[in-house]
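Worksheet: one structure, shown below.
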Amino acid sequence: MAAKSKRQQMVDLAVLAPLDWIDERTAFVRGTKWFLFRNVPRDISWGQTLGSAALTAFIVQTLTGAILALYYKPSAAIDPVTGKPVAYSSIEAITDELTLGWLVRGMHRWGASVFIILLFLHMGRVFLFGAYKYPRELNWITGVLILALGMLMGFTGYLLPWDQTAYWATVVGINLNGTAPFAGPWLAQFLATGPEIGTNTLPLYYGLHMLLLPGALIALIFVHIYLVTRLGVASPPWSTEAAGRERPAAVPPAGTRAGLVRGSGGD
Amino acid sequence: MSDTGHDTPHVPGPSLWPIAFAIGVACLLLGLVISWIVAAVGAAIAVVAGFLWARDVTHDVRGEVPSIEPETRTVGDSASTGAIAAVPVDRPLPAYTRSRFLEASTLGVGAAIGAIVTLPVVGFMVLPAFTDVEEDEADLGPIENFPESEYVIASYLSNPSAGEVTRRTAFVRNNGQTDAGEPSFTILYSRCVHLGCPVQPNGPIDEEARQELENGVELRPVLAQSFGCPCHGGLYDAEGNRQAGPPVRSMDRYTFSIRNGRLVLGELYAVGNVSGTGASAQISRYPWSVPGTHVDGVEAWLYPIVPSQVTG
Ligand code: HEM
Ligand code: FES
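In order, the protein sequence lines correspond to chains A and B. Following this note's numbering, the numbering of the first sequence begins with 21 at its first residue and continues without gaps. Following this note's numbering, the numbering of the second sequence begins with 167 at its first residue and continues without gaps.
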């Protein structure tokens, strides 16, 4: 190869050398390339983006939820100033008083439905394409768990505004669980923190909604996406090409063109 | 590399006594808290195990050198590759090496610690919903406030110190006296036995006659011969029997007592069916349970034990 241009040398020094330094110690760049620069079937379409869309919705929920958590107060006690329950008053304050609070709350509230709808669309796509078959069974199983936890997120989040809709919808939801055979009445009593909704119910739902369930969801999402990366995207059922087919050698591998790390490009 | 060199570290032979010694010490410490008998037993175990441990460790110093092979994973895994020529092939390899023992005990102890830490946490998360759930009796005030054969909507705080979240509503009808001369009340719990929505009396409420008593009790007479649920259209008659819609049993009822001329609500119970009316009603009574669960018929087999049977 010819001598490097001046510009090339500067890029080497400013970008590639530090990246190499990091990669040598952490394999971070190699890992990122393994994650992003994958072969995908040539005939994939918008249908395959639904999973990423659901992930984006989840990230939006996490960020807006974390902001709401800065101002929301999970207490059923009566606020002496407003004369209304503390939780309800804090939601009112978020919506009416905080600058752009209505926007963050609105994103979180509508985003919850968007997230669930995208999960179902994604699941439908996977089902119709038969993409749950060998070797992707565990993708399906972790996906089902994510859906279940996502619905639990919706159920526990719905109580938090502590208004009449929230309260009675949760009463009905708890009692629906209560009708399950054998364990139902026990489950209902756990969910209501006693025979009926009481002072502990709101903190329980808040803790589940913003700590336990998101933690479990994030862990499951990592497993799910690791498996997608490892196993690759399935070809559509009508595809005439073999799944996971290698790139033709004439096309330079994406890694060399991006050239993040010298020498590790054409894997 | 060969491990036959002179600088091979001297390792004492394997011994299980350190474990027994540790158990003894743990027992001794526990005994200091619980009782001196436990402490004494622990001390005895520790002394005996300590002695046996010392005997094991000093074994080769005291006499014949044991013929113990260095037990390493490499020996076990690569015995046949010839990499370690020093190991005679005809001798049987140790089936359970020291490293396998350490591996298993690390995993085992880790699992035990994990369980010891997790179980109380899970218990703390779940148990409060099932312990100390008894609700106070509610005093609804003098029985003169309940005119005969008329329903009164009574709302009260089942646990005043916990506040409004414990507000409940009951429909109270004074039935006069039974044939035996006992006072009789029909007291229905307003919660729908379909899925728990607030059942409403079908009739005009006499807001003029509304009364507020001490402790958050509120009374409002109503002209009602039936009750309806706003959520899914459940309909009940004046005795709380289901007439239409999805509810699976009759409305829950309260036991009651009359103390110093005041009506006091007791515990809730579930009702399969009511035949007859008012003071002469025959009520099939069951332990209280979640709305939506059957208390009689075959479907009740699906709910053999409900929490109220265990926790009262
Ligand atoms: C899968 C993701 C999530 C779903 C489906 C979800 C769902 C919901 C729903 C339905 C509500 C009621 C919204 C309302 O009435 O305004 C809510 C409220 C809330 N959520 Fe989430 N949520 C998710 C993630 C999170 C996360 C990650 C956090 C915090 C770290 C969070 C914190 C909150 C808070 C503080 C509220 C109360 C404020 C409010 O009601 O506007 N959420 N959530
Ligand atoms: S909750 Fe009353 S009819 Fe469904």
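Don't be surprised by glycine CBs; every beta carbon is placed ideally from N, CA and C. Note that this is a predicted model, so its numbers are computed, not measured.
Nearest neighbour of residue i, chosen from the options [CA to CA]
i         : options                                      : result
A/Arg-125 : A/Ile-42, A/Leu-139, A/Ser-110 and A/Ala-151 : A/Ser-110
B/Val-472 : B/Val-464, B/Pro-453 and B/Arg-264           : B/Pro-453
B/Ala-188 : B/Trp-202, B/Gly-208 and B/Gly-197           : B/Gly-208
B/Gly-289 : A/Val-146, A/Phe-210 and A/Leu-123           : A/Phe-210
A/Pro-256 : A/Leu-39, A/Thr-46 and A/Arg-62              : A/Arg-62
A/Ile-114 : A/Gly-198, A/Asp-40 and A/Lys-93             : A/Lys-93
B/Pro-479 : A/His-142, A/Ala-97, A/Val-49 and A/Thr-213  : A question about residue 479 of chain B goes unanswered here, because the residues of chain B that appear run from 167 up to 478.
B/Phe-393 : B/Pro-470, B/Pro-413 and B/Glu-380           : B/Pro-413
B/Val-213 : B/Gln-448, B/Val-292 and B/Trp-183           : B/Trp-183
Cβ of residue i within 9 Å of any chain B Cβ
i         : result
A/Gly-204 : yes
A/Phe-175 : no
A/Pro-215 : yes
A/Gly-235 : no
A/Ile-166 : no
A/Ala-239 : no
A/Gly-85  : no
A/Thr-102 : no
A/Asn-220 : yes
A/Pro-181 : no
A/Pro-94  : no
A/Pro-223 : no
A/Gln-209 : yes
A/Pro-257 : no
A/Pro-61  : no
A/Ala-212 : yes
Residue i, DSSP secondary structure in three states
i         : result
A/Arg-250 : helix
B/Thr-224 : coil
A/Asp-40  : helix
A/Gln-68  : helix
B/Pro-326 : helix
A/Tyr-152 : coil
A/Asp-32  : helix
B/Glu-269 : helix
A/Pro-105 : strand
A/Thr-219 : coil
A/Phe-135 : helix
B/Gln-409 : strand
B/Arg-419 : strand
B/Asn-426 : coil
B/Val-359 : coil
Contact under 9 Å by Cβ, residue i with residue j
i         : j         : result
B/Gly-411 : B/Gly-399 : yes
B/Thr-477 : B/Thr-297 : yes
B/Ile-424 : B/Ile-353 : no
B/Gly-307 : B/Leu-431 : no
B/Tyr-317 : B/Arg-334 : no
A/Ser-95  : A/Pro-181 : no
B/Thr-459 : A/Gly-174 : no
B/Asn-439 : B/Asp-462 : yes
B/Glu-301 : B/Asn-341 : no
B/Pro-457 : B/Val-299 : no
B/Leu-389 : B/Asn-311 : no
B/Ile-282 : B/Ile-319 : no
B/Arg-415 : B/Ala-445 : no
A/Ile-194 : A/Ile-241 : no
A/Gly-218 : B/Asn-325 : yes
B/Ala-336 : B/Ser-350 : no
Residue-chain proximity (residue i, chain A), Cβ-Cβ < 9 Å
i         : result
B/Gly-432 : no
B/Tyr-469 : yes
B/Pro-364 : yes
B/Val-275 : no
B/Pro-349 : no
B/Ser-474 : yes
B/Leu-354 : no
B/Leu-182 : no
B/Ile-250 : For B/Ile-250, the pLDDT reaches just 48, beneath the cut-off of 50, and the residue's location in the model is therefore unreliable, although a value from the coordinates is still provided. Output row for B/Ile-250: interface = no.
B/Leu-361 : yes
CB contact check: residue i to chain C, cutoff 9 Å
i        : result
A/Ile-98 : Chain labels in this structure do not include chain C; the protein chains are A and B.
Margin query: Along the segment 279 to 302 of chain B, where does the CB come closer than 8 Å to a CB of chain A? Name the residues.
Written below: Val-292, Pro-294, Ala-295, Phe-296, Val-299 and Glu-301
Next item on the list: Anything in the segment 302 to 333 of chain B with a Cβ closer than 9 Å to a Cβ of chain A? List those residues in chain order, please.
Entry: Ser-324, Asn-325, Ala-328, Gly-329, Glu-330, Val-331 and Thr-332
Note to self: Counting only Cβ-Cβ distances shorter than 7 Å, please list the residues of the segment 371 to 404 of chain B near chain A, keeping chain order.
What the structure shows: Cys-397
Notebook entry, point to check: Closer than 7 Å, Cβ to any Cβ of chain B: which residues of the segment 184 to 198 of chain A, in chain order?
Noted result: Trp-188, Val-191, Val-192, Asn-195, Leu-196 and Gly-198
Check: Taking a cut of 7 Å between CB atoms, which residues from the segment 451 to 467 of chain B lie near chain A?
Finding: Ser-455, Val-456, Pro-457, Gly-458 and Thr-459
Notebook entry, point to check: Which of the residues in the segment 139 to 158 of chain A, read from start to end, lie with their CB under 9 Å from any CB of chain B?
Noted result: none
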